[in-house]
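Quick notes on the structure that follows.
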Amino acid sequence: MEKLLQYGINTELASLAINVGLNLTSIRGTSKKNLIAVYGLDKYQATILKECVTRNPINEADVQRLLERNSATCCVCKGIKSDAYIIHHIEHYNISQNNDYDNLALLCPNDHELAHREGEALANKLTPKQIKQFKRNWENYVENVKIRQATLTGNIHDLDFVNVPRILELAIQIKKVIPSTRFTQQLLQSGKILDDGTINPQLYIDHNLNPNTPLKFFALFGSTTLIQHYYEMLLDIFSAVNVNNLEDLLKVSEVRKGILGKFCYYVGGVYGKQYRGVVSEESDYTSIHIRKKPFIVEWAVNPMYITSATAGWRIARRPIYAVYGKILNIEQVIENEKEYIRIEIRPYAFGLAIEKKDKTPLIHYLKYDWDKYQADEDL
Ligand SMILES: [Zn+2]
Ligand SMILES: [Zn+2]
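Residue numbers (the UniProt record's numbering): 1 to 379.
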């Protein structure tokens, strides 16, 4: 099926061809006459198939990417007109032979027909410019939905920070009880947590480790489970409240309406400082932040609940995080004679995002280029 899509054949015709036993090779090797006589296609279908298979195929990876980024749905009508789709060349293939991703759009047969109409009034056709705009908007929308879904269902990896006391506090506030997770039973039985939901302090004594980093110290004894337990508890609480995409709140109009106390998630690169030294009860908070004019967004991070030494290191390498939080404070600040709106968010947890904006480099933080980031940040 996808093989035929690479040649610009629509899904309906492709599945019809497959159903009558055709494939790319046999379409090529069969005359138009026989496609009609032997395979029972109509003249129009046979003509299209014969014409399409002479094209240069679209790169398989680009087909995959287009289907994924458009959720296998027409970018114009969003699948309302039809579930079927075709890979359309925005600058028509006959003229451009351009198979670049930027020249491809996913359209339903109906909208595809509009895209190929010539000489009609503008209202009755789709121009390349309009299609590009539809594609951009739709891909952006699909991306945001995927990110939201991944973030709120916990599809992230390497949790670097889990704010245990704040999550427990929020549980009581929202759910009135400490929610159970699939790990609760096991953690209670092995004495890692107490009945009130907190981490059992006996653990630090038993293993003779720093009680001020309760999530760091017993990797071998199941800290991963403990971290996951509190994180899933947070997801459970977040499923019971209204959670906003931070990007939607970072608008002056939204701030005017009031965003204080709102729950939010953010997925993207953050700036942070490496936490050094042994964490004690007197340790200062560290932070992660982003800037998006005129906003400076800051999450104050209690170093006690950074989950590992790697996490402490990674925070400073501009990781792409999924950050869960609640807006605590908004104030106007002046920096270098410029006015900013500083938004303080309480972080409940953060970890490396799996679903993220396509434009963000995948493993940015691995390239240690801190000076450059610092410079970017100062702009
Ligand atoms: Zn459509
Ligand atoms: Zn087309």
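Cβ atoms here follow ideal geometry from the backbone N, Cα and C, with glycine treated the same way.
- The continuous alpha helix (DSSP H) containing PRO109 extends over residues 109 to 115.
- Within 8 Å of the C-beta of ALA115 there is at least one heavy atom belonging to ligand 2.
- The residues LEU188, in chain order, have a CB closer than 8 Å to that of ASP195 in the same chain once the five nearest residues on each side in sequence are set aside.
- Between the C-alpha atoms of ASN59 and ILE87 there is a straight-line separation of about 12 Å.
- Between ILE237 and TYR39, the alpha-carbon positions lie close to 57 Å from each other.
- In this structure, SER82 has its CB closer than 8 Å to one or more heavy atoms of ligand 1.
- Distances between the C-beta of LEU107 and the heavy atoms of ligand 1 include at least one below 8 Å.
- DSSP, reduced to helix, strand and coil, places VAL323 within a strand of the structure shown.
- In this structure, ligand 1 has a non-hydrogen atom nearer than 8 Å to the beta-carbon of ASN110.
- Under the three-state reduction of DSSP, LYS273 is assigned to coil, being neither helix nor strand.
- Taking C-beta atoms as the reference points, ILE306 and TRP299 fail to come closer than 9 Å.
- Ranked by Cα distance from THR225, the first of ASP248, VAL333, VAL241 and SER190 is SER190.
- Distances taken from the Cβ of ILE86 to the heavy atoms of ligand 2 include one shorter than 8 Å.
- Ligand 2 has a heavy atom closer than 8 Å to the beta-carbon of HIS92.
- Counted as a single uninterrupted DSSP element, the stretch harbouring PRO294 is not any alpha helix (DSSP H), since DSSP gives it neither H nor E.
- In the structure shown, ASP248 falls within a helical segment according to DSSP collapsed to helix, strand and coil.
- The Cβ neighbour count for TYR324, taken over all protein chains shown within 10 Å, is at least 16; the residue is labelled buried.
- Not one heavy atom of ligand 1 falls within 8 Å of the beta-carbon of CYS52.
- Around the Cβ of VAL241, a 10 Å sphere holds fewer than 16 other Cβ atoms; the residue is exposed.
- Of the heavy atoms belonging to ligand 2, at least one sits nearer than 8 Å to the Cβ of HIS89.
- Contact check for PHE183 against GLY351 fails: the beta carbons are separated by 9 Å or more.
- Taking all protein chains shown into account, HIS112 has 16 or more neighbouring C-beta atoms within 10 Å of its C-beta and is therefore buried.
- Residues PRO57, ILE58, GLU60 and VAL63 of the same chain have their beta carbon placed closer than 7 Å to that of GLN6, with the five preceding and five following residues left out of the count.
- Residues HIS89 and GLU91 of the same chain have their beta carbon placed closer than 7 Å to that of ASN98, with the five preceding and five following residues left out of the count.
- Within the DSSP secondary-structure output, GLY222 pairs in no beta bridge.
- DSSP links ARG55 through a beta bridge to no other residue.
- Inter-residue distance for GLU339 and LYS257 is about 20 Å (C-alpha atoms, whole angstroms).
- Rounded to the nearest angstrom, the Cβ distance from LEU106 to LEU66 is 6 Å, consistent with a contact under 8 Å.
- Of the candidates LYS81, GLU281, HIS116 and TYR271, HIS116 places its Cα closest to the Cα of ASN94.
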